[in-house]
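Chains A and B, in that order, are what the protein sequence lines are.
Position 61, counted from 1, in the first sequence is what the UniProt record's numbering calls 61; the numbers after and before it change by one each time, with no gaps.
Position 8, counted from 1, in the second sequence is what the UniProt record's numbering calls 8; the numbers after and before it change by one each time, with no gaps.
Note that CB positions come from ideal geometry on N, CA and C, so glycine has one too.
Below is one structure, written out as structure tokens; comments come after it.
Number of protein chains: 2
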Amino acid sequence: MTNKGLLVVLSGPSGTGKGTVLKAYFAKHPEARLSVSATTRAPRPGEQDGREYFFVSKEEFQQMQQEHALLESAEYCGNCYGTPLAPIEAWLQKGYDVFLEIEVQGGAQVQKLLPDSVGIFILPPSAAELANRLRGRGTEAEAVVQKRLHAAKEEILQAKQYDYAVVNDTVEQAVEDIAAILYAEKHKTSRNPALIERVLNND
Amino acid sequence: MTNKGLLVVLSGPSGTGKGTVLKAYFAKHPEARLSVSATTRAPRPGEQDGREYFFVSKEEFQQMQQEHALLESAEYCGNCYGTPLAPIEAWLQKGYDVFLEIEVQGGAQVQKLLPDSVGIFILPPSAAELANRLRGRGTEAEAVVQKRLHAAKEEILQAKQYDYAVVNDTVEQAVEDIAAILYAEKHKTSRNPALIERVLNND
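Below is the structure:
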């Protein structure tokens, strides 16, 4: 099967625990990497350039945009954020599966730009459980929880734009589901033209 | 994830060992069923109606064709063979994964008719190994082996028409690969509209 890595576009509303799932996935799968975004915001204490973010100036960011070096970009609170393509492609060529954790709108953009990518949407087991998890943080008033729940449902409406859905019922199962999906994807004939050639050419 | 079974269209040239792989798969996966063809040829000793084939008269076969009750059909040596759709659909509804072992041309037809089906092409590890396996039967002259090898390569050229390729290097691995592919397919968002609805509707 193909040795090239897969670009995985992973989304899911706040409260689905996708951060926890990803952390568990990376702990178990050394062949996986998390894409690092570029940002114009200043590093916070403890953040390292190239680990949490690539920290760049506004001018550098604009130049990346002009050179189409970013897969997607967005502005929040006056700071620019974007996904640099070059480090992703370098990892993919080396055989790493690269995960892009991204909100739904950016995810849809990337999937259109890169139809070879694998879109995975993380679902909560139920809306009730999602509300519990949002409440469970214990830091928000009920009105805020309801607002987040509404926003989460708006995102879940877009789940169909992703290739696969994984329910985060238990983290272990969600990790296994993602692994099975990537394993199967690497068996797609469209990803293995060289394999078919090889069998045909007596090698 | 979806409880509906998958229709698996499985092909691979003679000598790839797809029969052995299927046998091992069914032994391990009680949720899988092999589609049974209808034929107008007479039963041979030991063959049971509904097990090896559905044995039907020419008139019955023609009626099935007219009623579009066959997924595909072909004639060999004056006998008609076809794939009845009704038993497949009944199994799928019950949650069985139904395997259709079929030659490449029929497989392409079925995949066009039923885009929901999953196409799997079984590849030999190499052309050299395929030749060995064809020779290994020990029943054929080298000229016949070469002719079969040529026919097999013609079929392998069509592998791209299938969604997935599985290399039959070891039977155990091929069985696991097929299982992973079906498991991942059941996580496709397109197969799980009800799951997404359920999460949205507070259930």
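- In this structure, the CA atom of Leu-100 (chain B) is about 14 angstroms from the CA atom of Ile-178 (chain B).
- About 6 angstroms separates the Cβ atoms of Leu-7 (chain A) and Leu-92 (chain A), confirming a contact at the 8 angstroms cut-off.
- Secondary structure note for Asp-116 (chain A): it is in no beta strand (DSSP E), with a DSSP letter that is neither H nor E.
- Contact annotation for Ile-156 (chain B) against chain A: Ile-196, Val-199, Leu-200 [CB-CB distance below 7 angstroms, chain order].
- If only uninterrupted beta strand (DSSP E) runs of at least 3 residues are considered, those enclosed by the segment 55-100 of chain B are 70-76, 79-84.
- The Cβ atoms of Phe-121 (chain A) and Gly-12 (chain A) sit closer than 7 angstroms to each other.
- For Arg-33 (chain A), the uninterrupted beta strand (DSSP E) run begins and ends at 32-34, by DSSP.
- Looking at the DSSP output, Val-166 (chain A) sits in a beta bridge with A:Ile-122.
- Residue range 18-28 is occupied by the alpha helix (DSSP H) that includes Thr-20 (chain B).
- Taking 7 angstroms as the threshold, the shortest C-beta distance from Asn-168 (chain B) to chain A does not fall below it.
- For Glu-172 (chain A), the closest C-alpha among the options A:Gly-15, A:Thr-83, A:Glu-103, A:Lys-23 is that of A:Lys-23.
- Out of A:Arg-198, A:Ile-102, A:Ala-27, A:Lys-153, the CA that lies nearest to the CA of Ile-196 (chain B) is found in A:Lys-153.
- In its chain, beyond the 5 residues on either side, Gly-5, Gly-95, Tyr-96, Asp-97 have a beta carbon closer than 8 angstroms to the beta carbon of Glu-31 (chain A).
- Contact note: Tyr-183 (chain A) reaches chain B through Ala-180, using a C-beta cutoff of 7 angstroms and chain order.
- Per DSSP, Ser-14 (chain B) has no beta bridge partner at all.
- In this structure, Val-9 (chain A) places its C-beta atom within 7 angstroms of the C-beta atom of Ser-117 (chain A).
- Straight-line measurement puts the Cα of Leu-114 (chain B) at about 29 angstroms from the Cα of Pro-125 (chain B).
- Under the three-state reduction of DSSP output, Lys-153 (chain B) falls in the helix class.
- As far as DSSP is concerned, Tyr-183 (chain B) takes part in no beta bridge.
- By the criterion of a C-beta distance shorter than 8 angstroms, Arg-51 (chain B) is surrounded in its chain by Val-36, once the five residues flanking it on both sides are discounted.
- Gly-119 (chain B) places its beta carbon 7 angstroms or farther from that of Tyr-183 (chain B).
- Under DSSP, Ala-174 (chain A) forms no beta bridge with any residue.
- Scanning its chain for C-beta atoms nearer than 7 angstroms, with the 5 sequence neighbours on each side dropped, one finds around Val-110 (chain A) the residues Val-9, Leu-71, Glu-72, Leu-100, Ile-102, Ser-117, in chain order.
- Excluding its 5 nearest sequence neighbours in each direction, Val-56 (chain B) has C-beta neighbours in its own chain below 8 angstroms: Ala-38, Thr-39, Thr-40, Met-64, listed in chain order.
- Assigned with DSSP and collapsed to three states, Leu-200 (chain B) falls in helix.
- Of all alpha-carbon atoms in A:Arg-44, A:Ala-127, A:Tyr-81, the one lying nearest the alpha-carbon of Lys-58 (chain A) is that of A:Tyr-81.
- Between the C-alpha atoms of Ala-131 (chain A) and Thr-16 (chain A) there is a straight-line separation of about 10 angstroms.
- Rounded to whole angstroms, His-150 (chain A) and Lys-28 (chain B) show a C-alpha spacing of 44 angstroms.
- Rounded to whole angstroms, the separation of the alpha carbons of Ile-181 (chain A) and Tyr-25 (chain A) is 13 angstroms.
- Looking at the backbone, the Cα of Phe-61 (chain B) and that of Pro-193 (chain A) are separated by about 40 angstroms.
- Taking the beta carbon of Lys-4 (chain B) as reference, no residue of chain A falls within 8 angstroms; the closest one sits roughly 15 angstroms away.
- Approximately 7 angstroms separates the beta-carbon atoms of Ala-108 (chain A) and Gln-158 (chain A); this is inside 8 angstroms, confirming the contact.
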